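For reference, the structure is listed below as structure tokens.
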Amino acid sequence: MEYEVRVEGLDFSYENNYILKNINLSIKEGSFVSIVGPNGSGKSTFLKNLSRYLKPQKGIVMLGNDDITKLSQKEISKRLSVVPQNILVEFDYKVKDIVLMGRHPYVKRLKGETPEDIKIAERAMKYTNIMEFSNRNFNELSGGEKQRVILAQALAQQPKVLLMDEPISHLDLQYQVEILDLVKKMTLEEGLTSIAVLHDLNMASAYSDYIVMLKGGEVFCKGEPAEVLTIENIARVFNTNVSISINPATGKTYIYPISTIPKKKRDFAVHIICGGGTGVKLIQELAAAGFTISTGVLNIGDSDWTISKEYELDVAEETPFMAISQEAYDKNLELALSANVLVLLPVYFSKANIRNLKMLIEDRLKDKTIYIVENGSFEQRDYTNGEALSIYNKLIDRPNVIQIKEEQLKEILIKADENHDK
Amino acid sequence: MTNKIINRLICFNILLMVFFICFIISVRIGAVDIPLEEILKIIFLGESTDNQIILMDIRLPRVMIAAVLGAGLSAVGGVMQGIFKNPLVDSYTLGMSSGAALGAVISIVTGVGVFGYATTGAFAFLGAISTLFFVYYLSKTKNKVSINSLLLSGVAVSYFISSLISFIMLLFSNKVEHIVFWTMGSLSSATWQKFIFSSCLIVPGVLILNIFARELNIMSLGEESAHYIGVDVERLKYILLTVCSIIVGAVVSTGGTIGFLGLVAPHIVRLIWGADYRRLIPYSAILGASLLMLSDAIGRVIIQPAEIPVGVMTSIMGGPFFVFLLRKQKSKGA
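Chains as they are written, first to last, in the numbering used here: chain C, 4 to 425; chain H, 14 to 347.
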């Protein structure tokens with residue numbers, strides 16, 4: 004069985020209102036797939052079509068080698084189980100009774116559960132770590148505990164495929180991680196295929212092997228998290244500007260939403276000399292505050308270059324690992340001349356990028372205000388045998404050069420902008 | 014494990030003992046007190062004493078009808094609470110009782126006699142069942158019956174029929190007394206024929222409900238989750254509601270609308286033994302049978318020589334007892 008779940012040309016509509024249009028997917032056995040998309044994009048409806056709670060008007064859903072419409076409800080329940088967002092149980096049932104309900108598709112009418120059924124239910128409870136409260140009332144448990152019980156019930160069905168509709172959206176962070184860890188562990192250890200609707204894009208990024216992004220009932224894009232969760236895709240599907248970095252601990256894409264409240268665009272331009280990641284934080288802060296920003300000279304692929312591109316800034320750029328060429332130098336100078344102020348961040352200087360420093364002492368820039376951020380001693384960042392240091396000393400002797408801490412920079416620039424407007 | 018089984022056996026035996034005590038009390042007391050010794054002689058030795066006719070033709074069928082009706086009402090009440098995931102639902106929620114009363118009222122005022130002396134009962138039975146199907150199809154959209162619309166249309170139809178009955182009572186004021194019998198519930202006209210008719214429908218009905226106990230447990234998770242665990246929810250609802258309507262039809266056509274029992278008995282069982290339907294249905298049936306026999310017996314003797322209709326007695330006795338249990342449960346939880 005190469006593919007556990009395959010969807011071909013699936014259409015679903017309520018009345019004549021299309022909710023899902025021409026969905027095609029194949030999901031490998033043992034993978035963790037997240038379905039993401041804004042509210043109303045058809046995520047939950049899609050899951051309900053996969054579990055045959057709703058029947059598509061067109062297209063097929065294959066579970067292993069079988070068309071799902073040809074299987075009985077019990078047969079489906081043996082292969083596929085569903086964990087909903089939250090569950091309300093009207094009357095008081097014990098945790099172990101709730102878990103044992105998951106054995107229903109296997110239990111023969113009039114016969115009752117066999118010792119084998121009870122053993123399987125107990126194994127599911129051990130796996131989800133709920134044995135200690137197996138005799139308690141389900142309704143007395145906390146949200147995270149309840150969700151673990153429902154997960155145990157789903158496991159007691161011994162499914163090949165686990166569908167989850169926002170399984171963590173009501174839970175505290177600790178429980179979110181706990182539940183997703185459990186599911187991830189099952190996909191890795193037992194070859195379970197998990198398909199989850201997740202609201203939290205960072206959780207989707209951290210846990211998924213594969214992400215499907217829906218927009219308006221259609222697959223907007225699908226692929227590995229880093230391919231799908233890009234600034235451009237998120238902007239087009241969620242209508243939200245975000246910035247993205249790589250989580251250094253996991254190597255996964257991490258998404259930061261950018262507040263749109265200070266939408267006020269400032270025509271105050273700041274040119275930043277940065278490199279090696281020194282500019283990431285400042286660029287995000289200043290972009291959020293509405294400044295017009297340019298950067299330079301940056302080698303292509305440098306993390307400051309990447310974020311500049313993500314924010315669509317003007318960048319004076321240079322081929323990776325190459326020293327600054329005349330062309331890049333001129334572009335940098337041009338950007339610096341058109342900016343209201345210049346900022347020099349604590350960059351390491353070598354022969355390759357020393358021309359960034361040289362530019363700042365150009366005569367044509369002598370009237371520009373230059374803010375220098377220093378976080379230690381310049382000597383330690385000088386890999387040019389003192390050449391950079393001598394230029395730097397010349398620079399700080401100039402009248403328009405101000406040394407400043409990075410934290411104060413944004414506020415000072417906002418003030419400078421306001422004075423400039425007057 | 015064995016401890017638990019023993020505990021359950023003890024609980025079940027206590028319940029059975031309660032049942033037999035209620036049975037003996039209700040056979041003994043009434044307009045004429047029959048001593049236990051005499052009862053045993055009549056039943057087991059076939060001796061003919063002064064009270065033989067009273068016991069065999071009046072008292073015994075009445076007590077046994079009470080037992081069967083009580084069992085049916087309580088089992089149906091518990092099942093309906095499970096289908097609707099709603100603790101306030103009882104055996105009459107879908108308008109079956111008012112439907113039955115309407116059927117009875119129609120037969121009383123028109124005086125038709127197609128089924129002989131059983132006409133009124135038969136009309137009541139048909140009234141109950143046709144009301145259920147009317148409500149069921151009223152709330153059906155696209156092969157699915159949502160429990161909310163079922164509940165709403167049940168209540169609406171119920172009110173509509175009630176006012177129809179009031180209207181008929183206004184038109185035929187000379188027959189009001191007879192009609193009131195149906196709306197109050199009474200076992201005073203019990204016969205062996207009625208017992209056989211009602212138990213032939215109710216006993217198998219309750220047994221069928223019991224077969225679906227596991228599915229009913231799963232329904233407590235909600236219809237969608239039940240679907241995912243492999244329960245054919247629509248089919249289950251259809252079967253259960255049909256069986257319930259047959260039971261309720263049989264109950265109402267035999268004893269009129271006996272209230273409150275279908276609400277209270279399952280809750281008492283839940284409070285003592287938990288919500289599991291595999292116990293809830295049989296235990297509710299036995300408890301309901303005991304309670305109805307007892308209510309009827311007390312109603313017979315409390316204001317002699319007159320009788321309080323059993324429907325009034327169940328409400329008078331059941332209400333306060335239920336509130337007591339509820340309060341006790343709350344203070345335990347707090």
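Even for Gly, the Cβ is constructed at its ideal location relative to N, Cα and C.
In this text the structure is predicted, and so the values were computed from the model without any measurement.
- Shown in chain order are the members of the segment 65-82 of chain C whose Cβ falls below 9 Å from a Cβ of chain H: S75, Q76, K77, E78, I79, S80 and K81.
- The three-state reading of DSSP puts C:Q406 in strand, counting E and B together.
- Excluding its 5 nearest sequence neighbours in each direction, H:Y241 has no C-beta neighbour in its own chain below 6 Å.
- With respect to chain C, the C-beta atom of H:R283 has a partner C-beta closer than 8 Å.
- Following the DSSP letters along the chain, one finds H:H191 inside the alpha helix (DSSP H) bounded by residues V189 to M197.
- Within the segment 236-250 of chain H, the residues whose Cβ lies closer than 8 Å to any Cβ of chain C are, in chain order, E237, S238, H240, Y241, I242, G243, V244 and D245.
- For H:K98, the chain C residues whose Cβ falls inside 7 Å of its Cβ are E93, in order along the chain.
- In the three-state reduction of the DSSP assignment, C:T72 falls in the helix class, which pools H, G and I.
- Between C:G12 and C:K61, the C-beta gap is smaller than 8 Å, which places the two residues in contact.
- Counting only runs that start and end inside the segment 27-94 of chain C, the alpha helix (DSSP H) elements of at least 4 residues fall at 46-53 and 76-82.
- Within 7 Å of the CB of C:S54, the CB atoms of chain H belong to Y241, in sequence order along the chain.
- Per DSSP, H:N161 is one residue of the alpha helix (DSSP H) stretching across I160 to L184.
- With fewer than 16 other Cβ atoms from the protein chains shown falling within 10 Å of its own Cβ, H:D46 counts as exposed.
- Judged by their CB atoms, C:N138 and C:R151 are not nearer to each other than the 8 Å cut-off.
- Here the alpha carbon of C:K284 sits roughly 16 Å from the alpha carbon of C:I407.
- Taking a cut-off of 8 Å on C-beta distances, the segment 30-48 of chain H does not touch the segment 292-310 of chain C, as fewer than three cross pairs fall below it.
- In the three-state scheme derived from DSSP, where H, G and I count as helix and E and B as strand, C:F294 is classed as coil.
- With a threshold of 8 Å between beta carbons, H:D289 makes contact with chain C.
- Closer than 7 Å at the C-beta level to chain C, one finds these residues of the segment 218-236 of chain H: I224, R227, N230, I231, S233, L234 and G235.
- Here C:D420 is buried. Its C-beta has 16 or more other C-beta atoms within 10 Å.
- Within the same chain, Cβ atoms closer than 7 Å to the Cβ of H:L86 are found at S104, V264, I271, L274, G275 and G301, the five residues on either side in sequence being excluded.
- Annotation: the continuous beta strand (DSSP E) that includes C:H274 extends over A272 to I276.
- Scanning its chain for C-beta atoms nearer than 8 Å, with the 5 sequence neighbours on each side dropped, one finds around H:V40 the residues I47, I52, L68, R72, L73 and V76, in chain order.
- Between C:I71 and C:T48, the CB-CB gap reaches or exceeds 8 Å.
- Secondary structure of C:K99 (DSSP, three-state): helix.
- The Cβ-Cβ distance between C:A199 and C:S37 falls below 8 Å.
- Identification of chain H residues near C:Q160 by a Cβ-Cβ cut-off of 9 Å yields Y241, I242 and G243, ordered along the chain.
- For C:R112, a Cβ of chain H is located within less than 8 Å of the residue's own Cβ.
- The beta carbons of C:L183 and C:M206 sit about 6 Å from each other, so the pair counts as a contact at 8 Å.
- Residue-level contact check: C:D100 touches chain H, since one or more beta carbons of chain H fall below 8 Å from its beta carbon.
- The alpha-carbon of C:V318 is positioned some 11 Å away from that of C:Y332.
- Per DSSP, the continuous alpha helix (DSSP H) segment holding H:L284 begins and ends at L274 to W286.
- Within the model, the alpha-carbon separation for C:G105 versus H:I66 is close to 56 Å.
- The beta-carbon distance between C:K46 and C:G40, rounded to whole angstroms, is 5 Å. This is short enough to meet the 8 Å contact definition.
- Contacts with chain H at 8 Å (Cβ-Cβ) do not include C:S16.
- Taking the beta carbon of C:Y96 as reference, the chain H residues within 8 Å of it are N230, S233, G287, A288 and D289, listed in sequence order.
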